[in-house]
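Student: Read left to right, the sequence shown gives residues 38 to 295 (our numbering).
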Amino acid sequence: MSYQTIKTETLGRVGLITLHRPEALNALNAQLIDELGRAARAFDEDDGIGCIVVTGSEKAFAAGADIKEMKDKDYAQVKNEDFITDDWEVLSRLRKPTVAAVAGFALGGGCEIAMMCDILIAADSAKFGQPEIKLGTIPGSGGTQRLTRAVGKAKAMELCLTGRMMDAEEAERAGLVAKVVQADQLLDEAMKTAEAVAGMSLPVAITCKEAVNQAFESTLAEGVHFERRVFHATFALEDRKEGMEAFAAKRKPAWKHR
Ligand code: HXC
């Protein structure tokens, strides 16, 4: 498939999507969102892919929704077209694990898209924020919800109400990102993580992702119950048997289902 605002690459079992609108700091216009949605779905459906990495440029992961495209919309329009469209949410609905590799600005919709990914890795240059309030609006693609779940009410409230940016170190301290690396090592580190995940049994990785996500959708008792059920379900897989037998035999597991 050919895209204008993103680039895609298959590297072993990892699908890499690079947001690419350098003239606008990867601002998320309708075309980019459409292309990102199509590329992400294609990797999710590709049997050869076990993990998807989303990244941007050195200067910006994405500086938010495209303000110039959005500025003339009125209430009837955003209501009628249910702006934002479903495509904005695609990354949160993928079954395969995803890694966001963030350098530079991840603002507004850019921060929201990064937060839809399962593992967030940041360059030391990364800057996260929900500056929508400065534009007279509020986050519209999960920012008030995912940021609050990630960093807690106090910091999320402060970030959303002031629109200030948080650097990578603060984001790691607050629990938003899994790790911070030097900017020139960002993609290597993200690929290493993605390759490790893509090297697991795929049905087990998908099950594990579902179980972690359940923590955000249920009470503790319900979540623990869900985990127990899907833990039991892994015993229906040959890969569960293979993993444990390989450990006992001191060899690497040869997964059947990838
Ligand atoms: C459209 C944008 C843009 C955006 C940057 N650009 N962000 N265009 N939408 N979100 C464009 C600029 O207009 C400029 O174009 C070029 O990219 C370079 O940006 P500069 O501002 O010159 O760069 P710099 O001085 O380095 O400042 C970087 C910045 C600033 C701090 C990130 O660009 C900025 O504040 N951007 C807006 C961030 C923001 O408010 N995001 C939230 C959007 S609302 P020209 O043509 O002048 O060179 C949102 C809602 C989501 O995301 C809700 C769900 C839909």
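Glycine included, each C-beta is placed from N, C-alpha and C at the ideal position. Please read these numbers as outputs of a predicted model, since none were measured by experiment.
According to DSSP, is THR45 helix, strand or coil?
Tutor: Taking the first residue of the sequence shown as position 1, residue 45 is located at position 8. DSSP places THR45 in strand when its eight states are reduced to three.
Student: Going by other Cβ atoms of all chains shown within 10 Å of its Cβ, with 16 needed for buried, is GLN114 buried or exposed?
Tutor: Sequence index remark: in the sequence shown, residue 114 carries index 77 (1-based). Looking at its Cβ environment, which holds fewer than 16 other Cβ atoms inside 10 Å, GLN114 is exposed.
Student: Kindly list the residues whose CB is nearer than 6 Å to the CB of LEU223, restricted to its own chain and excluding five residues on each side of it in sequence; keep chain order.
Tutor: As a working mapping, residue 223 is identified with position 186 in the sequence shown. If we look at LEU223 and ignore the five residues flanking it on each side, its Cβ neighbours are ALA138, ALA140, ALA160.
Student: Could you please give the first and the last residue of the uninterrupted alpha helix (DSSP H) stretch that includes PHE2?
Tutor: Only positions 38 to 295 of the chain appear in the structure, and residue 2 is not among them; the question remains open.
Student: Please list the segments of the alpha helix (DSSP H) lying wholly inside the region 220 to 293, counting only runs of 4 or more residues, in order along the chain.
Tutor: If we require 4 residues or more, the alpha helix (DSSP H) runs fully inside the region 220 to 293 come out as 223 to 235, 239 to 251, 257 to 271, 275 to 285.
Student: Does the distance between the C-beta of ALA61 and the nearest non-hydrogen atom of ligand 1 fall short of 6 Å?
Tutor: Residue 61 sits at position 24 when you count from the first residue of the sequence shown. Under cutoff, so the answer is yes.
Student: Can you tell me where the alpha helix (DSSP H) with PHE80 in it begins and where it stops?
Tutor: Here the question's residue 80 lines up with position 43 in the sequence shown. That run of the alpha helix (DSSP H) goes 67 to 82.
Student: In terms of residue numbering, what span does the alpha helix (DSSP H) encompassing VAL214 cover?
Tutor: Here the question's residue 214 lines up with position 177 in the sequence shown. From DSSP, VAL214 is part of no alpha helix (DSSP H); its letter is neither H nor E.
Student: Quick check on LEU69: buried or exposed, where buried means 16 or more other Cβ atoms within 10 Å of its Cβ?
Tutor: Along the sequence shown, one-based indexing puts residue 69 at 32. With 16 or more Cβ atoms within 10 Å of its Cβ, LEU69 is classed as buried.
Student: Taking 6 Å as the cut-off, does the CB of ALA64 come closer than this to any heavy atom belonging to ligand 1?
Tutor: Start at 1 with the first residue of the sequence shown, and residue 64 comes out as number 27. Correct: ALA64 has its Cβ closer than 6 Å to ligand 1.
Student: Verify the contact flag: LEU144, CB atom, against every heavy atom of ligand 1, threshold strictly below 6 Å.
Tutor: Here residue 144 corresponds to residue number 107 of the sequence shown, with the count starting at 1. Result yes, Cβ under 6 Å from ligand 1.
Student: For GLY180, which of ILE158, ALA191, ILE150, GLU209 has the nearest alpha-carbon?
Tutor: For the purposes of this step, residue 180 is taken as the residue at position 143 of the sequence shown. When only C-alpha atoms are compared, the closest one is ILE150.
Student: Given 8 Å as the limit, is there contact between the region 251 to 264 and the region 281 to 295, that is, 3 or more CB pairs closer than that?
Tutor: Short answer: they don't touch.
Student: Could you say which of CYS245, PRO176, SER238 lies nearest to LEU274 if we only look at CA atoms?
Tutor: Translated into the one-based positions of the sequence shown, residue 274 becomes position 237. Taking only the C-alpha atoms, the option nearest LEU274 is SER238.
Student: Is it the case that the CB of ALA102 approaches a heavy atom of ligand 2 more closely than 6 Å?
Tutor: With respect to ligand 2, the structure offers nothing, as its ligand set consists of ligand 1.
Student: Can GLU169 be considered in contact with ligand 1, in the sense that its beta carbon sits closer than 6 Å to one or more heavy atoms?
Tutor: Residue 169 sits at position 132 when you count from the first residue of the sequence shown. True, at least one ligand heavy atom lies under 6 Å from that Cβ.
Student: Please confirm whether GLU72 and ILE43 have their CB atoms less than 7 Å apart.
Tutor: For the purposes of this step, residue 72 is identified with residue 35 of the sequence shown, where counting begins at 1. For the purposes of this step, residue 43 is identified with residue 6 of the sequence shown, where counting begins at 1. Yes, Cβ-Cβ distance for GLU72 and ILE43 is below 7 Å.
Student: What is the rounded straight-line gap between the Cα of MET38 and the Cα of ILE156?
Tutor: One-based indexing of the sequence shown puts residue 38 at position 1. One-based indexing of the sequence shown puts residue 156 at position 119. Cα to Cα, the separation comes out at about 26 Å.
Student: Taking buried to mean at least 16 other C-beta atoms within 10 Å of its own C-beta, is ASN117 buried or exposed?
Tutor: The residue given as residue 117 occupies position 80 in the sequence shown. Classification for ASN117: exposed.
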